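Peer 1: Below: one structure in structure tokens.
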Amino acid sequence: MARKVVIVGGGAAGLGAAGGAKAADPANKVVVYTQFEDVAYSPCGIPYVHGKEIPDFQALFLADKQSYVDAGIDVRYETTVRSIDTAAKKIRVEGEGEVSYDSLVVATGFDYKDPGVAGAGLGGLYYVKNIRAAMEWDKVLDTVKKAVIVEASALGLEMVTALAHRGIETHLIDPHPWALGELCDPDIAAPVQESWAEMGVTMHWNTELKGFLDNGKGHVRGVATSNGEIACDLVVVATHKVPNNALAMAAGVTAGSTGGVVIDDHMRTSARDVWAAGDVCEIPHGLGGLPLQGLTGSHAYAQGKVAGFNAGGGDRAYQSVYVPWGMVAGKWMIGGVALGEVAAGALGIPHVVGRATGISRARYYPGVKQVRVKLLAEPGTLRLIGAQMVGGEGIKERADFLGVAVRKGLTLHDLATMENVYSPPIGALNEPIAVAAQNGVAEARKGA
């Protein structure tokens, strides 16, 4: 029987849920509420428009509004959902009053963690999120001579590179000793930081934000840090993503240790007929079940498809994640999957390491790039538990492959004898993953 599926949030998870609900039953009535003017665009592309790699913001839109009308999805733009009543199966919508549902999907996304310092209300603080706001900030960037990025998160890395490309004097402050300090290992981050220095970026590591400084007219004039003041015209606040969970928490939905909504393998929450997807919820890591929150857009979309399909009357499970990741930072690509050395050490997980430095194409082919690979494996079994890489190209494809390898329990022995494509323009004779695995097997034998 057809259902009325209501979705709160119009990001990747929300639109994935809308499509999933229609896939479960085309007769389902699907209504999406979003606070913003648009849906169906890629916020992940915003830094690259700022950096001029992408010529304009219109390129980031994936579909026009009419396409959702044609698909039978009712998107309510610039509309705020004030509350959820799970017992009555209703939401209260500003301007509409009470709206009933058969199934509800909460896909309210993320907020940036509050820096918790004075001056957070000043003008000139840029939180990269909404595309319409980004269009206005892009005009502001034309007037900016000096900017500060707060924290070397994934977004922070992208914005550092973007502003440097823009010709803006760029300063980065972060409490960790290196970029992506909670995810990336220092040997992988080092080439990125070297390239930033070449681009004129000034990095302030082991430096805490103490406050935003007022110019006396309600606009930021700089930041106060644990190592002194840095003057600037603009601050990009790229703090850790936290779940936008207020609506769900007020409705009594259970949250986990990350603050994200707890869901089961079908994306169901603790409340009857309520599902959740995307940055608002937490997902178990495939290695040990460690709860994770704030993953990528591809994760949010996949979760939304499952949540929406099940909310629409279907039956589909969502698997634990191993989180292959990758990005461009400075002049390099970096990426990996599951655990790096820093994370494994912090969690007390013993591991064997195999390393190799190879090339992306035949050594004689124009444009050949270095590729550095590090593999982590379980002692004894040598089952792969993680990887990190830095190189000039080919990082994304290797991260995807290694994500499957970790999920399927492949070992260093398997990877040491893997087949690989050899074609001068796209692949070298010796695949760096295979060489790293061979070196890891050799190191394990030495320690046996």
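Residues in the sequence shown are numbered from 5 upward in steps of one, following the working numbering. From the three backbone atoms N, C-alpha and C, an ideal C-beta is built for every residue, glycine too. Being a predicted model, the structure only gives us computed values, none of them experimental.
#1: Based on Cα-Cα distance, which residue from Ser-427, Ala-166, Gly-292 lies nearest to Ile-363?
#2: Provide the residue span of the alpha helix (DSSP H) that contains Val-144, from first to last.
#3: Among residues of its own chain, excluding the 5 on either side of Ser-199, which ones have a beta-carbon nearer than 7 Å to its beta-carbon?
#4: Just mark Met-5 as buried or exposed, buried being the case when its beta carbon has 16 or more other beta carbons within 10 Å.
#5: Measure the CB-CB distance between Leu-380 and Val-408 and report whether it falls below 8 Å.
#6: Give the secondary structure of Met-2 by DSSP, where H, G and I count as helix, E and B as strand, and everything else as coil.
#7: Go ahead and pull the three-state DSSP assignment for Arg-411.
#8: Out of Gly-49, Gly-290, Gln-297, which one is the CA nearest neighbour of Gly-4?
#9: What does the Cβ neighbour count give for Thr-258, buried or exposed, with the cut at 16 atoms within 10 Å?
#10: Check whether the region 211-221 touches the region 76-90, taking contact to mean three or more Cβ pairs, one atom from each stretch, closer than 8 Å.
#11: Would you mind sorting Ser-157 into buried or exposed? The rule is 16 or more other CB atoms within 10 Å of its CB.
#12: CA-CA distance, Thr-421 and Ala-438?
#13: Please classify Ser-261: is it buried, with 16 or more other beta-carbons within 10 angstroms of its beta-carbon, or exposed?
#14: Give the C-beta separation of Ala-252 and Ala-280 to the nearest angstrom, bearing in mind that I take them to be a contact with Cβ-Cβ under 8 Å.
#15: I need the boundaries of the alpha helix (DSSP H) containing Met-253, first residue and last residue.
#16: Helix, strand or coil for Tyr-81, going by three-state DSSP, please let me know.
#17: Using DSSP with H/G/I as helix, E/B as strand and the rest coil, what is Ile-287?
#18: Going by C-alpha to C-alpha distance, which of Asp-60, Val-445, Gly-293 sits closest to Asp-418?
#19: Given this structure, state the Cα-to-Cα distance separating Leu-161 from Asp-178, to the nearest angstrom.
#20: Assuming Gly-24 contacts Ala-311 (C-beta within less than 8 Å), just tell me the rounded distance between them.
#21: Restricting to Cα atoms, I'd like to know which of Glu-435, Gly-413, Leu-416 is closest to Glu-423.
#22: Would you tell me roughly how many angstroms separate the C-alpha atoms of Leu-299 and Leu-19, rounded to the nearest one?
#23: From the DSSP output, which residues share a beta bridge with Ala-391?
#24: Have a look at Ala-122 and Leu-129 and give me their C-alpha separation to the nearest angstrom.
#25: Where Ala-432 and Pro-370 are concerned, what is the direct C-alpha to C-alpha distance, given to the nearest angstrom?
#26: Could you please give the first and the last residue of the uninterrupted alpha helix (DSSP H) stretch that includes Ile-192?
#27: In the DSSP assignment, find the beta strand (DSSP E) that holds Val-103 and state where it starts and stops.
#28: For Arg-127 and Val-224, which I take to be in contact (beta-carbon distance under 8 Å), what is that distance rounded to the nearest angstrom?
#29: Spatial neighbours of Val-265 within its chain, please: C-beta separation below 8 Å, excluding the five flanking residues on both sides.
#30: Identify, in the order they occur along the chain, each residue of the same chain with its Cβ nearer than 7 Å to the Cβ of Arg-376, setting aside the five sequence neighbours on each side.
#31: So, for Lys-214: in the same chain, excluding its five sequence neighbours on each side, which residues have a beta-carbon less than 7 Å away from its beta-carbon?
#32: What residues are listed by DSSP as bridge partners for Ile-95?
#33: Below 8 Å on the Cβ atoms is my contact criterion, and I expect Leu-176 with Met-203 to pass it. Report the Cβ-Cβ distance as a whole number of Å.
#34: So, with DSSP's three-state summary, where would you put Ser-324?
#35: In this structure, does DSSP put Lys-214 in helix, strand or coil?
#36: Which stretch, first to last residue, makes up the alpha helix (DSSP H) that contains Tyr-52?
Peer 2: This is what the structure gives:
#1: On the sequence shown, residue 363 is found 359 positions in, with the first residue counted as 1. Among Ser-427, Ala-166, Gly-292, the Cα nearest to that of Ile-363 is on Ser-427.
#2: Residue 144 sits at position 140 when you count from the first residue of the sequence shown. Start and end: 135-145.
#3: Counting from 1 along the sequence shown, the entry for residue 199 is found at position 195. Closer than 7 Å at Cβ, skipping near neighbours: Gly-334, Lys-335, Trp-336.
#4: Position 1 of the sequence shown, counting from 1, holds the residue named residue 5. Exposed.
#5: Residue numbering aside, residue 380 sits at position 376 when the sequence shown is read from its first letter. Residue numbering aside, residue 408 sits at position 404 when the sequence shown is read from its first letter. No.
#6: The first residue shown for the chain is 5 and the last is 452, placing residue 2 beyond what the model contains.
#7: Position 407 of the sequence shown holds residue 411. Annotated three-state conformation of Arg-411 is helix, per DSSP.
#8: With the chain running from 5 to 452 in the structure shown, residue 4 is simply not present.
#9: Start at 1 with the first residue of the sequence shown, and residue 258 comes out as number 254. So Thr-258 ends up on the exposed side.
#10: no
#11: Working through the sequence shown from its first residue, we reach residue 157 at position 153. Buried is the call here.
#12: For the purposes of this step, residue 421 is taken as the residue at position 417 of the sequence shown. For the purposes of this step, residue 438 is taken as the residue at position 434 of the sequence shown. Thr-421 and Ala-438: Cα-Cα distance of roughly 7 Å.
#13: Reading the sequence shown from its first residue, position 257 is the one you call residue 261. So Ser-261 counts as exposed.
#14: Taking the first residue of the sequence shown as position 1, residue 252 is located at position 248. Taking the first residue of the sequence shown as position 1, residue 280 is located at position 276. The C-beta distance from Ala-252 to Ala-280 rounds to 7 Å, short enough to meet the 8 Å contact threshold.
#15: Taking the sequence shown and counting its residues from 1, one reaches residue 253 at position 249. Segment 250-254, the alpha helix (DSSP H) holding Met-253.
#16: Here residue 81 is taken as the residue at index 77 of the sequence shown, counted from 1. In this structure, Tyr-81 counts as coil in the three-state DSSP scheme.
#17: For the purposes of this step, residue 287 is taken as residue 283 along the sequence shown, with counting starting at 1. Residue state, collapsed to three classes: strand.
#18: Within the sequence shown, residue 418 is the residue found at index 414, counting from 1. The shortest Cα separation from Asp-418 among Asp-60, Val-445, Gly-293 belongs to Val-445.
#19: Taking the first residue of the sequence shown as 1, we reach residue 161 at position 157. Taking the first residue of the sequence shown as 1, we reach residue 178 at position 174. Rounded to the nearest angstrom, the two C-alpha atoms are 11 Å apart.
#20: Position 20 of the sequence shown, counting from 1, holds the residue named residue 24. Position 307 of the sequence shown, counting from 1, holds the residue named residue 311. Correct: roughly 7 Å between the Cβ atoms.
#21: Translated into the one-based positions of the sequence shown, residue 423 becomes position 419. Closest option to Glu-423, Cα to Cα, is Glu-435.
#22: Along the sequence shown, read from residue 1 onward, the residue named residue 299 stands at position 295. Along the sequence shown, read from residue 1 onward, the residue named residue 19 stands at position 15. Whole-angstrom Cα-Cα distance: 17 Å.
#23: Numbered from its first residue, the sequence shown carries residue 391 at position 387. Ala-391 is bridged to Val-341, Leu-379.
#24: Position 118 of the sequence shown, counted from the first residue, corresponds to residue 122. Position 125 of the sequence shown, counted from the first residue, corresponds to residue 129. So the alpha carbons of these two residues sit roughly 12 Å apart.
#25: Position 428 of the sequence shown, counted from the start, is the residue given in the question as residue 432. Position 366 of the sequence shown, counted from the start, is the residue given in the question as residue 370. In this model, Ala-432 and Pro-370 are separated by some 12 Å (Cα to Cα).
#26: Here residue 192 refers to the residue found at position 188 when the sequence shown is read from its first residue. Ile-192: member of the alpha helix (DSSP H) spanning 190-202, first to last residue.
#27: Position 99 of the sequence shown, counted from the first residue, corresponds to residue 103. Counted as a single uninterrupted DSSP element, the beta strand (DSSP E) harbouring Val-103 occupies residues 101-104.
#28: Residue mapping note: residue 127 aligns to position 123 of the sequence shown, counting from 1. Residue mapping note: residue 224 aligns to position 220 of the sequence shown, counting from 1. One point to set straight first is that residue 127 is Gly, not Arg, in the sequence displayed. Confirmed, Cβ separation roughly 7 Å.
#29: Looking up residue 265 in the sequence shown gives position 261. Around Val-265: Val-110, Pro-247, Asn-249, Ala-252, Val-257, Thr-258, Ala-259, Thr-273, Ala-280, Val-284, Cys-285, Glu-286.
#30: To locate residue 376, count along the sequence shown from 1; it is residue 372. These residues qualify, in order along the chain: Thr-361, Met-393, Val-394, Gly-395.
#31: If you number the sequence shown from 1, residue 214 lands on position 210. Taken in chain order, the residues that qualify are Val-121, Ala-228, Thr-229, Ser-230.
#32: As a working mapping, residue 95 is identified with position 91 in the sequence shown. For Ile-95, which the question treats as bridged, DSSP gives the partners Ile-88, Val-103.
#33: Within the sequence shown, the letter at position 172 stands for residue 176. Within the sequence shown, the letter at position 199 stands for residue 203. Wrong, their Cβ atoms sit about 11 Å apart, outside the cutoff.
#34: Here residue 324 corresponds to residue number 320 of the sequence shown, with the count starting at 1. Correct three-state label for Ser-324: coil.
#35: Indexing the sequence shown from 1 puts residue 214 at position 210. Here Lys-214 sits in strand by DSSP.
#36: Against the sequence shown, residue 52 aligns to sequence position 48. 50-54 is the span of the alpha helix (DSSP H), which, as asked, contains Tyr-52.
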